[in-house]
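Data first, discussion second: the structure below is written as structure tokens.
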Amino acid sequence: MTDIAEAIAQRGVSRLCHFTPSRNLQHIAAGRVGVLSTAHLSEPERGTFNPTDLARLDGRTTHICCSIEYPNAWYFDKARGNEKLFPDWVVLLIRPNYLLAETTLFCPRNAAANGGRNILQGLAGFEAMYANRIKGAYNKTYVRSAAHLSPCPTDQQAEVLIFDRINMADIVGVAVQSEDQAKTEKVRLKINNIDAEGFKFVVAPDLFNKFALSNLITSGNRAAEIWL
1 MTDIAEAIAQ
11 RGVSRLCHFT
21 PSRNLQHIAA
31 GRVGVLSTAH
41 LSEPERGTFN
51 PTDLARLDGR
61 TTHICCSIEY
71 PNAWYFDKAR
81 GNEKLFPDWV
91 VLLIRPNYLL
101 AETTLFCPRN
111 AAANGGRNIL
121 QGLAGFEAMY
131 ANRIKGAYNK
141 TYVRSAAHLS
151 PCPTDQQAEV
161 LIFDRINMAD
171 IVGVAVQSED
181 QAKTEKVRLK
191 INNIDAEGFK
201 FVVAPDLFNK
211 FALSNLITSG
221 NRAAEIWL
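Going by the UniProt record's numbering, the sequence shown opens with residue 1, and the numbers climb by one from there.
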């Protein structure tokens, strides 16, 4: 019987992704606490996050929304459009070991759909994200072609929900749109007395372009990335 570890290896899954406004980097790095679930945040900490981070329409405030291999580019685009004051965002690249935790949840489409009723657990939940046909947003049916990039779920809005926190040590990279943004983020961290070397920045503009990323995934190609 295949377990999740074997399924991950067969798919070639190398990471999870979590997008967030770049101003949150200093809170993630402070004390090396990492990314915390909404339920774990203190009231003062909640004040530093925008409504996109705090609104959990799936009802799982104890979990952190992530995606496999690449960000949910469609919701990412919507979230950035709703943020008027702080336009800079990043995508955290995370070790995939959280997929093995019993507390991790899986959803073959956006987890907020149907009030979170599509959320599953275990191997069945993981494999459900790779079904040949999945009904997603607006009743659109997504059909997985033979060319589809192996580690990526059939519906690009599929989500993984990680319980409680993501440890700082498990954040292997921070994807940004350009080298200039990477330089800006490092300066911001230093101004706040945070060691910028604690993050490895990755220039990956395709992760910020929903159409480009979608085309890459469905054609079986990886996004270009430059690790700084």
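Note that beta-carbon positions come from the ideal geometry of N, C-alpha and C, so glycine has one too.
- The Cβ neighbour count for S219, taken over all protein chains shown within 10 Å, is under 16; the residue is labelled exposed.
- Within the segment 166-207, the runs of beta strand (DSSP E) at least 3 residues long that lie entirely inside it are, in chain order, 171-176, 201-203.
- I166 sits buried, since 16 or more C-beta atoms from the chains shown fall within 10 Å of its C-beta.
- Distance from A204 to A182 at the Cβ level is roughly 11 Å; contact not present, criterion being Cβ atoms closer than 8 Å.
- For F76, the secondary structure class from DSSP, reduced to helix, strand or coil, is helix.
- Here the alpha carbon of D88 sits roughly 6 Å from the alpha carbon of P21.
- Assignment of L149 by DSSP, reduced to helix, strand and coil, places it in the coil class.
- Taken through DSSP and simplified to helix, strand or coil, F126 comes out as helix.
- By the criterion of a C-beta distance shorter than 8 Å, D3 is surrounded in its chain by L123, once the five residues flanking it on both sides are discounted.
- Non-local C-beta neighbours of E127 in its own chain, meaning closer than 7 Å and more than five positions away in sequence, comprise A7, ordered along the chain.
- Counting every other CB atom within 10 Å of its CB across the protein chains shown gives Q157 a total of 16 or more, marking it as buried.
- Pairing R109 with N118 gives a Cβ-Cβ distance under 8 Å.
- The residues F19, in chain order, have a CB closer than 6 Å to that of F76 in the same chain once the five nearest residues on each side in sequence are set aside.
- In the structure shown, P96 falls within a helical segment according to DSSP collapsed to helix, strand and coil.
- Within a 10 Å sphere around the beta-carbon of T154 sit 16 or more other beta-carbons, which makes this residue buried.
- In this structure, E69 places its C-beta atom within 8 Å of the C-beta atom of R15.
- In the assembly as shown, T103 is an exposed residue. Its beta-carbon has fewer than 16 other beta-carbons within 10 Å.
- A distance below 8 Å separates the beta carbons of F199 and V174.
- Inter-residue distance for V13 and E185 is about 28 Å (C-alpha atoms, whole angstroms).
- Taking the Cα of P151 as reference, the smallest distance to any Cα among C65, Y130, A30, L189 is reached at Y130.
- With a threshold of 16 other beta carbon atoms within 10 Å, V90 meets it and is buried.
- From the listed residues A39, I64, A30, W74, the smallest Cα separation to A212 is found for W74.
- Sorting A29, T61, Y142 by C-alpha distance to the C-alpha of A169 places A29 at the top.
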